[in-house]
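Some notes on the structure that comes next.
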Amino acid sequence: LFSAVELAPRDPILGLNEAFNADSRPTKVNLGVGVYFNEGGKIPLLRAVREAEQARVAAEQPRGYLPIEGIAAYNTAAQTLLLGQSSPLIAEGRVVTAEALGGTGALKIGADFLKRLKPAAKVAISDPSWENHRALFEGAGFEVVSYPYYDGATHGVNFAAMLDALNGYPAGTVVVLHACCHNPTGVDLGEAQWKQIVEVVKARGLVPFLDIAYQGFGDSIEADALAVRLFAAAEVNTFVASSFSKSFSLYGERVGALSIITDTKEEAARVLSQLKRVIRTNYSNPPTHGASIVASILNTPALRATWEQELAEMRDRIRAMRNGLVERLKAAGVDRDFGFVNAQRGMFSYSGLTAAQVDRLREEFGIYAVSTGRICVAALNTRNIDVVANAIAHVIK
Ligand code: LMR
3 LFSAVELAPR DPILGLNEAF NADSRPTKVN LGVGVYFNEG GKIPLLRAVR
53 EAEQARVAAE QPRGYLPIEG IAAYNTAAQT LLLGQSSPLI AEGRVVTAEA
103 LGGTGALKIG ADFLKRLKPA AKVAISDPSW ENHRALFEGA GFEVVSYPYY
153 DGATHGVNFA AMLDALNGYP AGTVVVLHAC CHNPTGVDLG EAQWKQIVEV
203 VKARGLVPFL DIAYQGFGDS IEADALAVRL FAAAEVNTFV ASSFSKSFSL
253 YGERVGALSI ITDTKEEAAR VLSQLKRVIR TNYSNPPTHG ASIVASILNT
303 PALRATWEQE LAEMRDRIRA MRNGLVERLK AAGVDRDFGF VNAQRGMFSY
353 SGLTAAQVDR LREEFGIYAV STGRICVAAL NTRNIDVVAN AIAHVIK
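Under UniProt numbering, the letters of the sequence shown match residues 3 to 399, in that order.
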């Protein structure tokens with residue numbers, strides 16, 4: 003049966019974890035996967051999470067099946083975080099939200115639903131985009147194209163080219179947009195640009211699919227939801243895949259959600275019924291633990307305040323690491339101006355390192371990065387930052 007099965011390549015991001023774990027060098031640093039490590043080099047267990055978990059254990063809750071769409075309190079909290087406390091769309095019952103297995107799971111159930119709805123549509127992703135976007139939408143049966151996004155010369159967005167591409171797509175094309183903290187570049191659109199994107203998407207009848215995995219890592223929880231709220235205010239039917247993996251440091255619990263903006267409450271009920279079919283035939287219903295922790299934090303004022311503070315601490319520490327890296331690269335005698343790293347947002351920096359330089363970082367120094375030059379700044383700390391800066395200086399000389 004399996005004699006003709008080919009060996010698949012390692013995943014470009016998660017495959018790095020495998021290689022990193024197998025590396026015995028004590029000075030190794032994993033700048034590959036998008037995970038926040040604290041100053042001690044550990045994935046933090048947030049205080050808010052710990053408290054919510056203790057309360058959950060004490061309550062000795064049984065583990066029955068959840069509804070197919072997940073925990074209601076979680077779904078409501080997730081959509082409120084995206085659309086705001088006073089969202090008229092939520093009040094009108096026009097937003098469908100289903101708990102999903104992380105942001106990836108949300109993208110997949112959205113993609114499967116869209117494939118049934120718009121079988122001939124193409125999906126457009128940014129160039130570059132998260133490594134898994136293309137594979138995920140192709141896996142759901144779509145042809146995937148890409149629209150211009152990052153401009154290496156300016157370390158900014160080639161906005162005119164992006165708009166041109168969007169303007170050229172036929173109605174019904176699914177456009178995947180990173181709502182904040184663009185992965186992999188760290189380069190986001192500004193408010194005026196988002197407004198233009200919303201206008202074009204609406205005018206051309208495109209289907210926006212927003213991916214928001216880093217809400218709170220850019221400027222703030224509220225500010226980072228700008229793109230979602232602009233689409234909502236424009237009453238565009240929008241898909242939103244959101245994730246709490248990073249913002250609650252609950253990577254392994256697979257806490258995400260798919261939210262869909264519909265036109266009426268009645269339409270929302272029909273859309274939810276179809277989503278439930280997709281979920282039921284994929285994994286039946288979602289897990290309980292992570293979502294109940296997130297729901298209790300978001301719905302308990304004291305826990306929520308603790309969480310918001312911890313999220314702000316993560317955001318601030320990443321910013322400090324960006325500054326530190328830029329300074330140290332300068333101090334290490336690097337001519338190239340790395341100041342653009344300070345302007346990038348979220349966990350990543352598109353460093354401009356070539357695939358060959360990334361290979362040398364790994365081989366000579368045990369420093370792991372994605373071959374595109376994406377580095378996870380959130381994995382830097384005051385103990386490894388000099389090693390990393392000096393290694394980068396070495397390979398780019
Ligand atoms: C990343 O981009 O590194 C993260 O989103 C983790 C993943 O699933 O790829």
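Note that CB positions come from ideal geometry on N, CA and C, so glycine has one too.
Problem - Option in Val328, Glu366 and Asp265 with minimal Cα separation from Ala93 - result: Position 91 of the sequence shown, counted from the first residue, corresponds to residue 93. Among Val328, Glu366 and Asp265, the Cα nearest to that of Ala93 is on Asp265.
Handout entry: Nearest candidate by alpha-carbon position, reference residue 402, set Glu41, Leu16, Pro130 and Glu20
Key = Since the displayed the chain opens at 3 and closes at 399, residue 402 lies outside it and no answer follows.
Exercise for the section: Could you tell me whether any non-hydrogen atom of the ligand LMR is closer than 7 Å to the CB of Gly188? Expected result: Start at 1 with the first residue of the sequence shown, and residue 188 comes out as number 186. No, the Cβ of Gly188 stays beyond 7 Å of every heavy atom of the ligand LMR.
Practice task
Please confirm whether any heavy atom of the ligand LMR lies closer than 7 Å to the CB of Leu16.
Solution key: On the sequence shown, residue 16 is found 14 positions in, with the first residue counted as 1. The ligand LMR has a heavy atom closer than 7 Å to the beta-carbon of Leu16.
Handout entry: Proximity winner among Glu315, Ala334, Gly43 and Ala57, relative to Ile295 (alpha-carbon distances)
Key = In the sequence shown, the residue the question calls residue 295 occupies position 293. When each option's Cα is compared against that of Ile295, the closest is Ala57.
Problem - Secondary structure, beta strand (DSSP E): runs of 3+ residues fully inside the segment 79 to 138 - result: If we require 3 residues or more, the beta strand (DSSP E) runs fully inside the segment 79 to 138 come out as 97 to 103 and 124 to 129.
Exercise for the section: For Ser286, I'd like the list of residues in its chain whose CB is within less than 8 Å of its CB, leaving aside the five on either flank, ordered along the chain. Expected result: Position 284 of the sequence shown holds residue 286. The residues are Tyr67 and Ile70.
Practice task
Please classify Glu127: is it buried, with 16 or more other beta-carbons within 10 angstroms of its beta-carbon, or exposed?
Solution key: Taking the first residue of the sequence shown as 1, we reach residue 127 at position 125. The residue asked about is misnamed: residue 127 is Ile in this sequence, not Glu. So Ile127 ends up on the buried side.
Practice task
Keeping to the same chain, check which residues put their C-beta closer than 7 Å to that of Gly335; ignore five residues upstream and five downstream.
Solution key: In the sequence shown, the residue the question calls residue 335 occupies position 333. The answer, listed in chain order, is Ala395.
Problem - alpha helix (DSSP H) runs contained entirely in the segment 226 to 269, provided each spans 4 or more residues - result: The segment 226 to 269 contains these whole alpha helix (DSSP H) runs: 228 to 235.
Practice task
Give the DSSP-derived three-state secondary structure of Gly158 in the structure shown.
Solution key: To locate residue 158, count along the sequence shown from 1; it is residue 156. Strand.
Problem - Closer than 7 Å: Ala215 CB and nearest the ligand LMR heavy atom - result: Taking the sequence shown and counting its residues from 1, the one referred to as residue 215 is at position 213. Checking the Cβ of Ala215 against the ligand LMR gives yes.
Exercise for the section: For Val397, collect the residues of the same chain with a Cβ closer than 7 Å to its Cβ; drop the 5 residues on either side in sequence, then sort them by chain order. Expected result: Locating residue 397 in the sequence shown gives position 395, where the first residue counts as 1. Taking C-beta separations shorter than 7 Å and ignoring five residues to either side along the sequence, the partners of Val397 in its chain run Gln359, Arg362 and Leu363, following chain order.
Practice task
Helix, strand or coil for His180, going by three-state DSSP, please let me know.
Solution key: By one-based count along the sequence shown, residue 180 stands at place 178. The answer is strand: DSSP assigns His180 an E or B state.
Exercise for the section: From the DSSP output, in three-state form, read off Arg364 for me. Expected result: Start at 1 with the first residue of the sequence shown, and residue 364 comes out as number 362. Helix at Arg364.
Exercise for the section: With DSSP as the reference, please indicate the residues paired to Val209 in a beta bridge. Expected result: Against the sequence shown, residue 209 aligns to sequence position 207. Residue pairing by DSSP places Val209 opposite Val176 in a beta bridge.
Problem - Span separating the alpha-carbon of Asp318 from that of Pro46 - result: Reading the sequence shown from its first residue, position 316 is the one you call residue 318. Reading the sequence shown from its first residue, position 44 is the one you call residue 46. In a straight line, the C-alpha of Asp318 is about 15 Å away from that of Pro46.
Exercise for the section: List the endpoints of the continuous alpha helix (DSSP H) containing Pro303. Expected result: Stepping through the sequence shown from its first residue, residue 303 is reached at position 301. Run containing Pro303: Pro303 to Ala333, per the alpha helix (DSSP H) assignment.
Practice task
Write down the C-beta distance between Thr99 and Ser261 rounded to the nearest angstrom, noting that I regard them as a contact closer than 8 Å.
Solution key: Taking the sequence shown and counting its residues from 1, the one referred to as residue 99 is at position 97. Taking the sequence shown and counting its residues from 1, the one referred to as residue 261 is at position 259. Approximately 4 Å separates the beta-carbon atoms of Thr99 and Ser261; this is inside 8 Å, confirming the contact.
Exercise for the section: Flag this pair as yes or no: are the beta carbons of Ala234 and Ser88 separated by less than 8 Å? Expected result: Taking the first residue of the sequence shown as position 1, residue 234 is located at position 232. Taking the first residue of the sequence shown as position 1, residue 88 is located at position 86. Result no, Cβ atoms of Ala234 and Ser88 do not sit closer than 8 Å.
Practice task
Could you give the DSSP three-state label for Asn386: helix, strand or coil?
Solution key: Residue numbering aside, residue 386 sits at position 384 when the sequence shown is read from its first letter. Asn386 falls in the coil class under three-state DSSP.
Exercise for the section: For the alpha helix (DSSP H) containing Phe22, list its first residue and its last residue. Expected result: Your numbering for residue 22 matches position 20 in the sequence shown. Taken as a continuous stretch (DSSP letters only), the alpha helix (DSSP H) holding Phe22 covers Leu16 to Ala24.
Practice task
For Val203, verify whether its CB is less than 7 Å away from any heavy atom of the ligand LMR.
Solution key: The residue you call residue 203 lines up with position 201 of the sequence shown. Relative to the non-hydrogen atoms of the ligand LMR, the Cβ of Val203 never comes closer than 7 Å to any of them.
Handout entry: Classification of Gln217 by the beta-carbon crowding that lies within 10 angstroms, buried from 16 upward
Key = If you number the sequence shown from 1, residue 217 lands on position 215. Buried is the label assigned to Gln217, since at least 16 other Cβ atoms lie within 10 Å of its Cβ.
Practice task
Please classify Pro288: is it buried, with 16 or more other beta-carbons within 10 angstroms of its beta-carbon, or exposed?
Solution key: The residue given as residue 288 occupies position 286 in the sequence shown. Under this definition Pro288 is a buried residue.
Practice task
Can you grab the Cα-Cα spacing for the pair His135 / Leu103, in whole Å?
Solution key: Walking along the sequence shown from the start, residue 135 turns up at place 133. Walking along the sequence shown from the start, residue 103 turns up at place 101. Computed Cα separation, rounded: 15 Å.
Exercise for the section: List the endpoints of the continuous beta strand (DSSP E) containing Glu145. Expected result: Indexing the sequence shown from 1 puts residue 145 at position 143. That run of the beta strand (DSSP E) goes Glu145 to Pro150.
Exercise for the section: Would you decide whether Ser26 is buried or exposed? Buried here means 16 or more other CB atoms lie within 10 Å of its CB. Expected result: Here residue 26 corresponds to residue number 24 of the sequence shown, with the count starting at 1. Around the beta carbon of Ser26, a 10 Å sphere encloses fewer than 16 other beta carbons of the protein chains shown; the residue is thus reported as exposed.
Practice task
Measure the beta-carbon distance from Val257 to Gly292 and round it to whole angstroms, keeping in mind my assumption that it falls under 8 Å.
Solution key: As a working mapping, residue 257 is identified with position 255 in the sequence shown. As a working mapping, residue 292 is identified with position 290 in the sequence shown. Contact annotation, Val257 with Gly292: C-beta distance approximately 4 Å; criterion of less than 8 Å satisfied.
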